[in-house]
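Chains as they are written, first to last, in our numbering: chain A, 1 to 295; chain B, 1001 to 1340.
Note that CB positions come from ideal geometry on N, CA and C, so glycine has one too.
Treat the numbers as computed from the prediction; the structure is a model and nothing was measured.
Only one structure is covered here, and it is reproduced in the block below.
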Amino acid sequence: MPGEAAVLDAAPVRGRSPAAETLGRLLHHRLFVSGLVLFGVILAAAVLAPVIAPADPTRIAMRQKFLPPGAGHLFGTDNLGRSLWSRVIWGAQLSVLMGLAVVGLNAVFGTAVGALAGYYRRLDNVLMRINDALMAFPAILLAIGITAVLGPSTGDVILALAIVYIPRTARIVRSSVIVVREMEYVQAARACGAGDWRILRRHILPNSMAPLIVQLSFLFAYAVLTEATLSFLGLGAVPPTPTWGNIMAEGRQYMVEAPWIIAIPGVALMVTVLGLNMLGDGLRDVLDPRLRVQQ
Amino acid sequence: MPPPASAPTVPPDAPAALLEAQGLTKHFPLAGGWLARDHGVLHAVDDVSFAILSGETLGLVGESGCGKSTLGRMLLRLIEPTGGRVLFEGRDILALDARGLREQRRVMQIIFQDPYGALDPRLSVEAIVREPLDVHGVARQEAQRRVAEALDLVGLSRRYLGRFPHEFSGGQRQRIGIARALALRPRFIVCDEPVSALDVSVQAQIVNLLQDLQAELRLTYLFIAHDLAVVKHIADRVAVMYLGKIAEIAAKRALYANPLHPYTQALIAAVPVLRPADRAHGRARRRLVGGEIPSALHPPPGCRFHTRCPHVMPVCREREPRLAEPEPGQFVACHLYPGS
């Protein structure tokens, strides 16, 4: 900004913002970096799916069924001769997209509900009782119930998972908003005439983000895992669209003859969840050490 | 008939009051959610009246929990009073609508106790000091100029504009908070224990800075503190608060030389002195109060200080004393003095 320099002294001291400091500490956190690498592998596979797995994951080749992993088919083939490499990679894409969608919906609506409940005490009771009602159901049962009503499709699974997890996210945002709202810098903003919206946007939300970010990284793992569970039960994306869950469901019948069919998507799922959990642990250690007790 | 709550606490020939509180009251209802019944009412501030004269510093002293911070924040409408009026230059600020209140906030500001909690950790010094100007739509160039001006006033180099609060010491942070309060060029500032959290050496610097600023910018202060030592240095008049009530309010000299209320006497006796022998002549009157401040949930009937008062009389347990003026300009709420 050239206009500023004229007004200020010649050599301003650039400060290190809290965000920059946090990033520096994260990159030195071994668990975080390991999780980042594990999840990065899955993320890369998902993004590069058309390049690294050009074979159609739904193309049936009965003469090549039950080929074990090897030179021709890196991950082998399934009971219909479909390339498991393609299926697992494209399944990764679906899982990642789904996770992102659920995380995105949570970030928006969970934050909105949590911020409203935490900031406007009058809304708190109403919003949190609805929240509690939703949270009273076990996550997986509620998700099964919602998908059963909506019907199995990718969009409906995303919606179901969002409905299941938004109350949990909202509660976390609410609790940190309640803490930040009482800080004196919020009083100071009010004393100089700032309105609610400005205070929320500029002071409260940025300072309540740490627990939310931690929560969202764990949520990503839960979403991927729950989606796999739903597909495994036949409530996810409709076959032949490959998802880790439905690949495993089909592979279950051939577990003895062709164990790789169930094992490979299982390992992919494990790597994803492990990576995200390590990532989340790292974020929690750096951003919000107090949470360590709760989890 | 008792006199109205707005009994004058300023001699008639004094300069005009900049700010006047009349019967200011704050009760916090303690309810435990919608299923729970009412759990009682916290009497944080009860029917408090006083005036602050233009250009003076009124010290406000009392134990923690006596309602002094609540009182200070009610003057700025950071806490909405349950009852009473706040007049700023004769205008009732409790009657202002949102827009009027925002304009009013230009002239009245606050400095906080905790130099760590009072600055948003995510904003640079420039953003913090500029926020009041942004809120009031001051143009960019002008705002930059005034931010620089405010930093000059509090003795911070402009080179620190890009720095963040965690990179400063407590005293420097307090200067940033003062700069923010000055950015709008206010005329009245509530100093809510601005030095209580600082090292003693830094306390003096900040108190001196506040005094210099007052002289230079013709500011009026309400200076809240929990001990009389700091207030003795900066205040012109002092109000002593006990459990949501004003016990005594008087010019500083009169209050320190001749404290009338037993609670004020006890507070002054509690100020540590360098050579205890100096205090020996006052021993006859020197009495430290024992016990704890009673709960503001159930304030004692009658005089609120009667549970700890060394001079307690039967009337103290029954009738609440009113502010009387046994000495000119010295108001005290105590049954020991006629008129209470």
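Exercise for review: Quick one: give me the first and last residue of the beta strand (DSSP E) that Tyr165 (chain A) is part of.
Suggested key: It is not in any beta strand (DSSP E) - Tyr165 (chain A) instead sits in the alpha helix (DSSP H) that spans Thr154 to Arg181.
Check your understanding: Near Glu1126 (chain B), which residues of its chain fall below 7 Å by C-beta distance, leaving aside the five closest residues on each side in sequence?
Key -> Val1147, Leu1161 and Gly1162
Check your understanding: Counting Cβ pairs closer than 8 Å, one from the stretch 156 to 171 of chain A and one from the stretch 131 to 140 of chain A, do we hit at least three?
Key -> yes
Practice item. Compare the C-beta of Arg198 (chain A) against all C-beta atoms of chain B and say whether one is closer than 8 Å. Key: yes
Exercise for review: Enumerate in chain order the residues of its own chain whose CB-to-CB distance from Thr272 (chain A) is below 6 Å, with the five nearest sequence positions on each side excluded.
Suggested key: Ile42 and Val224
Review point. Any C-beta of chain B sitting closer than 8 Å to the C-beta of Met135 (chain A)?
Key: no
Practice item. Count the CB pairs spanning the stretch 18 to 32 of chain A and the stretch 82 to 89 of chain A that are closer than 8 Å, and state whether there are at least three. Key: No: fewer than three Cβ pairs fall under 8 Å.
Point to revise | Beta carbon proximity, Gly280 (chain A) to chain B, threshold 8 Å | key: no
Review point. Does the beta carbon of Ala1118 (chain B) sit closer than 8 Å to a beta carbon anywhere in chain A?
Key: Ala1118 (chain B) counts as touching chain A.
Exercise for review: Could you tell me how far apart the beta carbons of Arg1322 (chain B) and Ala1333 (chain B) are, in whole angstroms, since I believe they sit closer than 8 Å?
Suggested key: 6 Å
Check your understanding: What runs of the alpha helix (DSSP H), each 4 residues or longer, lie entirely inside the stretch 1290 to 1325 of chain B?
Key -> 1314 to 1318
Point to revise | Collapsed DSSP secondary structure at Leu1060 (chain B) in the structure displayed | key: strand
Check your understanding: Mind pulling the chain B residues with CB within less than 7 Å of His203 (chain A)?
Key -> Asp1120
Check your understanding: Would DSSP call Glu1216 (chain B) helix, strand or coil?
Key -> In the structure shown, Glu1216 (chain B) sits in a helix (DSSP, three-state: H, G or I).
Exercise for review: Taking only the alpha-carbon atoms, compute the straight-line gap between Thr1025 (chain B) and Ala148 (chain A) and give it to the nearest angstrom.
Suggested key: 57 Å
Check your understanding: Using a beta-carbon distance below 8 Å, is Gln187 (chain A) in contact with chain B?
Key -> yes
Practice item. Indicate whether Arg1140 (chain B) and Leu1151 (chain B) have their beta-carbon atoms separated by less than 8 Å. Key: no
Exercise for review: Would you kindly work out how many angstroms separate the C-alpha atoms of Ser17 (chain A) and Ile1224 (chain B), rounded to a whole number?
Suggested key: Approximately 33 Å, taken between the alpha carbons.
Review point. Hey, is the stretch 174 to 184 of chain A in contact with the stretch 140 to 160 of chain A, meaning 3+ C-beta pairs nearer than 8 Å?
Key: no
Review point. Using a Cβ cut-off of 8 Å, which residues of the stretch 1158 to 1170 of chain B contact any Cβ in chain A, in chain order?
Key: Arg1158, Arg1159, Tyr1160, Leu1161, Gly1162, Arg1163, Phe1164, His1166 and Glu1167
Check your understanding: For a contact meaning CB atoms closer than 8 Å, what does Gly24 (chain A) contact in chain B?
Key -> The contacting residues do not exist; Gly24 (chain A) stays about 14 Å from chain B at best.
Check your understanding: Quick one, which residues of the stretch 75 to 109 of chain A are near chain B if we go by CB-CB under 8 Å, in chain order?
Key -> none
**Study point:** Beta-carbon proximity list for Leu1087 (chain B), same chain, < 6 Å, skipping 5 on both sides
**Key:** Glu1020, listed in sequence order.
Review point. What are the partner residues of Ser1169 (chain B), as DSSP defines its beta bridges?
Key: In the DSSP secondary-structure assignment, Ser1169 (chain B) is not bridged to any residue.
**Study point:** Bounding residues of the beta strand (DSSP E) (the contiguous stretch that carries Lys1245 (chain B))
**Key:** Per DSSP, the unbroken beta strand (DSSP E) holding Lys1245 (chain B) starts and ends at Lys1245 to Ala1251.
Exercise for review: Entirely within the stretch 1077 to 1141 of chain B and at least 3 residues each: give me those beta strand (DSSP E) ranges in chain order.
Suggested key: 1083 to 1088 and 1108 to 1111
**Study point:** Chain-ordered chain A contacts of Glu1149 (chain B) [CB-CB under 7 Å]
**Key:** Result: empty, since nearest Cβ-Cβ is about 11 Å, beyond 7 Å.
**Study point:** Beta-carbon separation (whole angstroms), Val1271 (chain B) vs Asp1227 (chain B), contact threshold 8 Å
**Key:** 7 Å
Exercise for review: With a threshold of 16 other CB atoms inside 10 Å of the CB of Arg202 (chain A), please say whether the residue is buried or exposed.
Suggested key: buried
Point to revise | Short CB-CB distance (under 8 Å) between Met255 (chain A) and chain B | key: no
Check your understanding: Along chain A, in chain order, which residues have C-beta atoms closer than 7 Å to that of Ser1124 (chain B)?
Key -> Gly15
Exercise for review: Output, in chain order, the set of chain A residues within a Cβ distance shorter than 8 Å of Ile1110 (chain B).
Suggested key: What Ile1110 (chain B) touches in chain A: Gln187, Ala188 and Ala191.
Check your understanding: Are the beta-carbon atoms of Leu1071 (chain B) and Val1045 (chain B) separated by less than 8 Å?
Key -> It is a contact, given that the beta carbons lie within the stated cut-off.
Check your understanding: Which residues of chain A have a Cβ atom closer than 9 Å to the Cβ of Glu1080 (chain B), listed in chain order?
Key -> Those within 9 Å of Glu1080 (chain B) in chain A number zero; the least Cβ separation is about 12 Å.
Check your understanding: Count the other CB atoms within 10 Å of the CB of Gln253 (chain A); is the residue buried (16 or more) or exposed (fewer)?
Key -> exposed
Point to revise | His1233 (chain B) versus Pro1328 (chain B) - alpha carbon distance | key: C-alpha separation (whole angstroms): 22 Å.
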